[in-house]
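For the numbering used here, count along the sequence shown from 1 and bump the result up by 147. Taking it in order: structure first as structure tokens, then the write-up.
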Amino acid sequence: MSLDLPLIARGKVREIYDASSPAAPDRLLLVASDRISAYDWVLPTPIPDKGRVLTQLSVWWFDQLTPVLDSFGATHHLVSASDVPASVAGRGMLVRRLEMLPVECVARGYLSGSGTKEYERTGSIRDVPLPAGLVEGSQLPVPVFTPSTKAEVGEHDEAIDFAAVVSAVGAERAAELRELTLALYRRGAEIARDAGIVLADTKFEFGLAGESLVLGDEVLTPDSSRFWPADTWSPGAVQPSYDKQFVRDWLTSSGWDRVSEPPELPDDVVAATRERYVTAYEQLTGRRFA
């Protein structure tokens, strides 16, 4: 794919282009590829249509979450998903350029993944104490804010406590990020639950346009969230999911050491992963993925 626009950055799964003009000097074009990453590696095998699912689901969620953002005096960065070059139709978003905040805003409603491991060691997730007796997949008494650093490509995100968020962005902004993150999670979880899906956890990224807080990046996709089928949710084990956990599980079973170059994904793993992404889109939105 080639665009006649200056390339600003290339991430694990996205490219960012300068789409500014004299009339709109703050415009960027975000293009989601079909690349998939796991364990901080970009895998050599793409997942067909993955970029389209991520983009179209994000566009849908931005619309669903606008009332929550409005209630906080915030907004989102999406300008248009249709006014994009034809070569990236369906996978490109025209957005506002932001001063991104250096924090991954993670909300958890259920115990899973790294949260489970830390809870088993300490009984908490960083500075958030949790009740005794929880297991993998347990629903938390209330959703919690467990932020992390925003790592560069090839580096690990690291969980941080709330004091580190205050240090990074100031006390008032940190409190606003926590409150808005949890409000967005609660609304997203409610919508997902009505669609028969458990939203176990998710991450949001925010930036500033002047002094205004703006929700950016992707939103509530299988790449940024854990989605579980509600009808099979059963605490005590790793849950079936609509996200890339399926790929992680295959990589683990393959014997890959996470140090050498990752292996190609088999055709059946690629097809099953695509099916999970598409199912998440269709079940959440009630629309057929075209």
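Even for Gly, the Cβ is constructed at its ideal location relative to N, Cα and C.
- Counted as a single uninterrupted DSSP element, the beta strand (DSSP E) harbouring L241 occupies residues 239-243.
- In its chain, beyond the 5 residues on either side, V178, A179, G198, R199, T202 have a beta carbon closer than 7 Å to the beta carbon of R238.
- Of the other Cβ atoms in all chains shown, fewer than 16 fall within 10 Å of the Cβ of L154; this residue is therefore exposed.
- Annotated as proximal: M247 and G363, with beta-carbon spacing under 8 Å.
- When C-alpha distances from A236 are compared across T426, L150, P382, the shortest belongs to L150.
- Burial state of Y186 is exposed, judged by a 10 Å Cβ sphere holding fewer than 16 other Cβ atoms.
- Restricting attention to alpha helix (DSSP H) runs no shorter than 4 residues, the stretch 191-241 encloses them at 197-218, ordered along the chain.
- If you draw a straight line from the Cα of E283 to the Cα of L176, it comes to about 38 Å.
- For K391, the closest C-alpha among the options L152, S184, P172, R161 is that of S184.
- Using a Cβ distance threshold of 8 Å, R333 and P387 do not count as a contacting pair.
- Taking C-alpha positions only, A171 is separated from L245 by approximately 13 Å.
- Burial state of G402 is exposed, judged by a 10 Å Cβ sphere holding fewer than 16 other Cβ atoms.
- Its chain contains P369, F374, Y389 as the residues whose beta carbon lies nearer than 6 Å to that of A427, once the 5 sequence neighbours on both sides are disregarded; these appear in chain order.
- Ranking L360, A279, E162, D173 by CA distance to the CA of L216 puts L360 first.
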